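**Student:** Could you have a look at this structure, given as structure tokens, before my questions?
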Amino acid sequence: MQEPSLESNTAQSLDPSGQAGAPPLTVEGAIAQLTGDDPSLRYYAAWWLGKFRVSEPGVVTALIAALEDDSDRTELGGYPLRRNAARALGKLGDERAVPGLLRCLDCSDFYVRESAAQSLGMLGDRRAIPPLLALIQDGMAVAQRVPGRPHLVQPVESILEALGALGATEALPLVQLFLEHPLQRLQYSAVRAMYQLTGKADYGDRLVQALHSSDINLRRVALSDLGAVGYLPAAGAIASAAAENSFKLFSLKGLLDAAVATEGASSEAAQQVMALMDQLL
Amino acid sequence: MVSSSSSISTLITAVDQADSPERLIAAVQALAAAQSPEGLPKLIEALGYNNPGVAVTAVQGLVQMGDAAVMPLLTLLDDYNYGARAYAIRALAAIADPRALDILVSAAETDFAPSVRRAATKGVGMLQWTHLSESESQSAQQRAVQTLQTVLKDDDWSLRYAAVVGLQALATSAPAIAPHIYAHLGHAAEQEADIGVAARITWALSPPESAS
Chain A
12 MQEPSLESNT AQSLDPSGQA GAPPLTVEGA IAQLTGDDPS LRYYAAWWLG
62 KFRVSEPGVV TALIAALEDD SDRTELGGYP LRRNAARALG KLGDERAVPG
112 LLRCLDCSDF YVRESAAQSL GMLGDRRAIP PLLALIQDGM AVAQRVPGRP
162 HLVQPVESIL EALGALGATE ALPLVQLFLE HPLQRLQYSA VRAMYQLTGK
212 ADYGDRLVQA LHSSDINLRR VALSDLGAVG YLPAAGAIAS AAAENSFKLF
262 SLKGLLDAAV ATEGASSEAA QQVMALMDQL L
Chain B
70 MVSSSSSIST LITAVDQADS PERLIAAVQA LAAAQSPEGL PKLIEALGYN
120 NPGVAVTAVQ GLVQMGDAAV MPLLTLLDDY NYGARAYAIR ALAAIADPRA
170 LDILVSAAET DFAPSVRRAA TKGVGMLQWT HLSESESQSA QQRAVQTLQT
220 VLKDDDWSLR YAAVVGLQAL ATSAPAIAPH IYAHLGHAAE QEADIGVAAR
270 ITWALSPPES AS
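Sequence order for the protein chains is A and B.
So in my numbering, the last one in the first sequence is 292, and the numbering has no gaps at all.
So in my numbering, the last one in the second sequence is 281, and the numbering has no gaps at all.
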């Protein structure tokens, strides 16, 4: 079962502590740990502050400093603390994080770049568009797998999703390149961004088709993508998709938020989505 | 209609020996259709096969058996597999027998799996009080409303959403406490930061013709 990784969207899958064993933290305790000496506690505190969206100025300052950390390294040269700090800053909504996150796009660690791209998309600052575009300027070449590693040259999925979220219409020609990429989930990221950038139902419908994929993981990705873009015509297809109730509920929540934002809390569209959500509890 | 116990054991064996997901669903479907008390433990076991299609089929069979399935579901609740537990809780919620109140309250408040908590929270609000005497149902409804009000304060939006759904159902099935529930929801609406949950509260408070 994949559910725990879903419950807080993607963050919980990164929970270094596992589920139950983690000590409960206070805000003060987490800040103290983040600036302390123990690398694993610093790593955990960064995750915790993002998870619980502790958006205090002191927290943001400490997390920005952690983006430059050199003490916490993996055997392969990665920067675990930077990854978690970058992820957390996306959730805290403080634009002071933008310059540090932009520098992270040049980090040698793929996962730091990936986290930074995701967070820049969440922070909604259009200054991120040119540097994100630069990372995928070479097209398919940066969407090849790195030999011996479980990832591509660049975090293309996260970059495409960020460009879509930022409304980067200047990215259209580049995003289009990835629509037929052999990796399905990367295709979906491109389709999702194309929908956000063009508003064309063709792209939304393509994500709906992806709900019929034979691979449960791809169906879950499609549910997540449809929720992220709030594609209202997908509501019925989401509710009847062959996936766990939790994934469908969270996807429909994205549609509900979109319906409330565009048509109002008492709109028929919102009530139709809620009627489906009620059945998935 | 299959009824003799030898044919039930044949159906149970078919579930155990199914060698593909399709055959397993078909076997569980056949066992569910038999509606036999002897088949209940196997249907409940099927909730834990980590196959959503099988589990949904088994839940439908259990719900159709109604009251007869309540005690087996309560006693065979899987403490280790939260996927199985969520399906069992959904079955109990759909059967809506108030004997499940203790389990539902405890799952709604303390289960570690949000999916189990959501199903239980909704279930607490859906119970049918007509099975109980008047004094029994008053105290049971008090427990239900307290539980739902507690869950309505949870950090997780999906649990608050489930609490709103449960409270709305409870207000319908327990008219005596409906004014209290609507007042509580109205107050919660003022403090709700999530626009989706706030919309669900608005819907719960809107006149019946549009709340269907």
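Yeah, the Cβ is synthetic: ideal placement off N, Cα and C, and Gly gets one too.
Computed from a prediction, not measured in an experiment: that's the story for all the values here.
With distances taken between CB atoms, is the gap from Ser66 (chain A) to Leu36 (chain A) smaller than 8 Å?
**Tutor:** Taking the first sequence and counting its residues from 1, the one referred to as residue 66 (chain A) is at position 55. Taking the first sequence and counting its residues from 1, the one referred to as residue 36 (chain A) is at position 25. No, these two residues do not count as a Cβ contact at 8 Å.
**Student:** Quick one: which chain A residues come within Cβ less than 8 Å of Ser275 (chain B)?
**Tutor:** What you label residue 275 (chain B) is simply residue 206 of the second sequence in a count that begins at 1. Those are Ser277, listed as they occur along chain A.
**Student:** Leaving out five residues on either side along the sequence, give the residues of the same chain with a beta carbon under 6 Å from the beta carbon of Val284 (chain A).
**Tutor:** Here residue 284 (chain A) corresponds to residue number 273 of the first sequence, with the count starting at 1. The answer, listed in chain order, is Ala246, Leu263, Leu266, Leu267 and Ala270.
**Student:** Can you pull the chain B neighbours of Asn256 (chain A), defined as C-beta to C-beta under 9 Å?
**Tutor:** Residue 256 (chain A) sits at position 245 when you count from the first residue of the first sequence. The answer, in chain order, is Pro121, Ala155, Arg159, Ser184, Arg187 and Ala188.
**Student:** Taking its Cβ as the centre, do 16 or more other Cβ atoms sit within 10 Å of Phe181 (chain B), making it buried, or is it exposed?
**Tutor:** If you number the second sequence from 1, residue 181 (chain B) lands on position 112. Counting Cβ neighbours within 10 Å, Phe181 (chain B) comes out exposed, since fewer than 16 surround it.
**Student:** With a threshold of 8 Å between beta-carbons, can Val26 (chain B) be considered close to chain A, or not?
**Tutor:** Outside the displayed span of chain B (70 to 281) sits residue 26 (chain B), for which this structure offers no information.
**Student:** Using 8 Å as the threshold, is the stretch 130–140 of chain A in touch with the stretch 175–195 of chain A, meaning 3 or more CB pairs across them?
**Tutor:** Yes, they touch.
**Student:** Should Thr271 (chain B) be flagged as near chain A, meaning a C-beta pair shorter than 8 Å?
**Tutor:** Numbered from its first residue, the second sequence carries residue 271 (chain B) at position 202. At least one chain A Cβ lies under 8 Å of Thr271 (chain B).
**Student:** Could you please give me the residues that DSSP links to Leu163 (chain A) through a beta bridge?
**Tutor:** Taking the first residue of the first sequence as position 1, residue 163 (chain A) is located at position 152. DSSP, once it has assigned bridges, lists A:Arg156 as partnering Leu163 (chain A).
**Student:** Tell me the residue span of the alpha helix (DSSP H) that contains Pro121 (chain B).
**Tutor:** By one-based count along the second sequence, residue 121 (chain B) stands at place 52. It spans Pro121 to Met134 - the alpha helix (DSSP H) in which Pro121 (chain B) sits, taken as one unbroken run.
**Student:** Please list, in chain order, all residues of the same chain as Phe63 (chain A) whose beta carbon is under 7 Å from its beta carbon, the five residues on each side excluded.
**Tutor:** The residue you call residue 63 (chain A) lines up with position 52 of the first sequence. Contacts found: none.
**Student:** I want to verify the contact list: residues of chain B whose CB lies under 7 Å from the CB of Lys264 (chain A), in sequence order.
**Tutor:** As a first step, residue 264 (chain A) is located in the first sequence; it is residue number 253 there, counting from the start. Near Lys264 (chain A) (Cβ distances below 7 Å), the residues of chain B are Gly265.
**Student:** Considering only their Cβ atoms, is the gap separating Leu163 (chain A) from Ala154 (chain A) smaller than 8 Å?
**Tutor:** Locating residue 154 (chain A) in the first sequence gives position 143, where the first residue counts as 1. Locating residue 163 (chain A) in the first sequence gives position 152, where the first residue counts as 1. Yes; because the gap between Cβ atoms is below 8 Å, this pair is in contact.
**Student:** Do Ala258 (chain B) and Ile270 (chain B) have their C-beta atoms within less than 8 Å of each other?
**Tutor:** For the purposes of this step, residue 258 (chain B) is taken as the residue at position 189 of the second sequence. For the purposes of this step, residue 270 (chain B) is taken as the residue at position 201 of the second sequence. Yes, the pair counts as a contact, with Cβ atoms nearer than the cut-off.
**Student:** Taking 8 Å as the CB-CB limit, is Ala268 (chain B) close to chain A?
**Tutor:** Position 199 of the second sequence, counting from 1, holds the residue named residue 268 (chain B). Yes, Ala268 (chain B) lies at the interface with chain A (some Cβ there is under 8 Å from its Cβ).
**Student:** Within 8 Å (strictly less), CB to CB, does Val70 (chain A) reach chain B?
**Tutor:** The count along the first sequence starts at 1 and reaches residue 70 (chain A) at position 59. It does not: the Cβ of Val70 (chain A) has no partner Cβ on chain B nearer than 8 Å.
**Student:** Measuring CB to CB, does Leu116 (chain A) end up less than 8 Å from Ala96 (chain A)?
**Tutor:** As a working mapping, residue 116 (chain A) is identified with position 105 in the first sequence. As a working mapping, residue 96 (chain A) is identified with position 85 in the first sequence. In this structure, Ala96 (chain A) does not lie closer than 8 Å to Leu116 (chain A) by Cβ.
**Student:** If we ignore side chains and look at the alpha-carbon of each, how far apart do Ala189 (chain B) and Ile158 (chain B) end up?
**Tutor:** Taking the first residue of the second sequence as 1, we reach residue 189 (chain B) at position 120. Taking the first residue of the second sequence as 1, we reach residue 158 (chain B) at position 89. Approximately 6 Å, taken between the alpha carbons.
**Student:** Give me the residue from B:Leu170, B:Leu116, B:Ala165 and B:Ala138 with the minimum Cα distance to Asp148 (chain B).
**Tutor:** As a position in the second sequence, residue 148 (chain B) is number 79, starting the count at 1. Answer by Cα proximity: B:Leu116.
**Student:** Determine the extent of the alpha helix (DSSP H) in which Phe121 (chain A) is found, giving its start and end residues.
**Tutor:** Here residue 121 (chain A) refers to the residue found at position 110 when the first sequence is read from its first residue. From DSSP, the alpha helix (DSSP H) with Phe121 (chain A) extends over Phe121 to Leu134.
**Student:** Please check if any C-beta of chain A sits within less than 8 Å of the C-beta of Ser175 (chain B).
**Tutor:** In the second sequence, counting from the first residue as 1, residue 175 (chain B) sits at position 106. Taking Cβ atoms only, chain A never reaches closer than 8 Å to Ser175 (chain B), which makes this a no.
**Student:** Determine the burial state of Val157 (chain A): buried for a count of at least 16 other Cβ atoms within 10 Å of its Cβ, exposed for fewer.
**Tutor:** Counted from its first residue, the first sequence places residue 157 (chain A) at position 146. It is exposed - the Cβ of Val157 (chain A) has fewer than 16 other Cβ atoms within 10 Å.
**Student:** Relative to the ligand ADP, is the shortest distance from any of its heavy atoms to the C-beta of Ala248 (chain A) smaller than 7 Å?
**Tutor:** The ligand ADP is not among the ligands present in this structure, which contains no ligands whatsoever.
**Student:** If the cut-off is 8 Å on Cβ atoms, which residues from the stretch 221–246 of chain A count as contacting chain B, listed in chain order?
**Tutor:** Here the close residues number zero.
**Student:** Return no unless some Cβ of chain B is closer than 8 Å to the Cβ of Gln129 (chain A).
**Tutor:** Within the first sequence, numbered from 1, the residue matching residue 129 (chain A) stands at position 118. With 8 Å as the cut-off, Gln129 (chain A) does not count as an interface residue toward chain B.
**Student:** If I measure Cβ to Cβ from Tyr214 (chain A) and keep anything under 8 Å in the same chain, skipping five residues before and after, which residues do I get?
**Tutor:** Taking the first sequence and counting its residues from 1, the one referred to as residue 214 (chain A) is at position 203. Hits under 8 Å: Val202, Arg203, Met205 and Tyr206.
**Student:** Between the Cα of Ala101 (chain B) and those of B:Ala87, B:Tyr118 and B:Val125, spot the shortest distance and give me the residue it belongs to.
**Tutor:** Translated into the one-based positions of the second sequence, residue 101 (chain B) becomes position 32. Checked all of B:Ala87, B:Tyr118 and B:Val125; the closest Cα to Ala101 (chain B) is B:Val125.
**Student:** Asp120 (chain A): which of A:Arg84, A:Arg107 and A:Ala152 sits nearest, CA to CA?
**Tutor:** Here the question's residue 120 (chain A) lines up with position 109 in the first sequence. Looking at the Cα atoms, A:Arg84 is the closest of the given residues.
**Student:** Please confirm whether Ala281 (chain A) has its beta-carbon closer than 8 Å to some beta-carbon of chain B.
**Tutor:** The count along the first sequence starts at 1 and reaches residue 281 (chain A) at position 270. It does; some Cβ of chain B falls within 8 Å.
**Student:** Within this structure, are the beta carbons of Ala138 (chain B) and Leu173 (chain B) separated by less than 8 Å?
**Tutor:** Your numbering for residue 138 (chain B) matches position 69 in the second sequence. Your numbering for residue 173 (chain B) matches position 104 in the second sequence. No.
**Student:** With DSSP collapsed to three states, give me the class of Gly104 (chain A).
**Tutor:** Start at 1 with the first residue of the first sequence, and residue 104 (chain A) comes out as number 93. Here Gly104 (chain A) sits in coil by DSSP.
**Student:** Measure the alpha-carbon distance for Arg114 (chain A) versus Ser130 (chain A) and round it to whole angstroms.
**Tutor:** Mapped onto the first sequence, residue 114 (chain A) falls at position 103. Mapped onto the first sequence, residue 130 (chain A) falls at position 119. Arg114 (chain A) and Ser130 (chain A): Cα-Cα distance of roughly 13 Å.
**Student:** Using the rule of at least 16 other Cβ atoms within 10 Å of the residue's Cβ for burial, across every protein chain shown, is Met288 (chain A) buried or exposed?
**Tutor:** Translated into positions along the first sequence, residue 288 (chain A) becomes position 277. Per the 10 Å Cβ criterion, buried.
**Student:** Relative to the C-alpha of Ser257 (chain A), which residue among A:Val240, A:Gly241 and A:Arg231 is closest?
**Tutor:** Translated into positions along the first sequence, residue 257 (chain A) becomes position 246. Comparing Cα-Cα distances from Ser257 (chain A) to each of A:Val240, A:Gly241 and A:Arg231, the minimum goes to A:Arg231.
**Student:** Which chain B residues are close to Asp268 (chain A), counting only those with a beta carbon under 7 Å from its beta carbon?
**Tutor:** Start at 1 with the first residue of the first sequence, and residue 268 (chain A) comes out as number 257. Going along chain B in sequence order, the residues near Asp268 (chain A) (Cβ under 7 Å) are Ile264 and Gly265.
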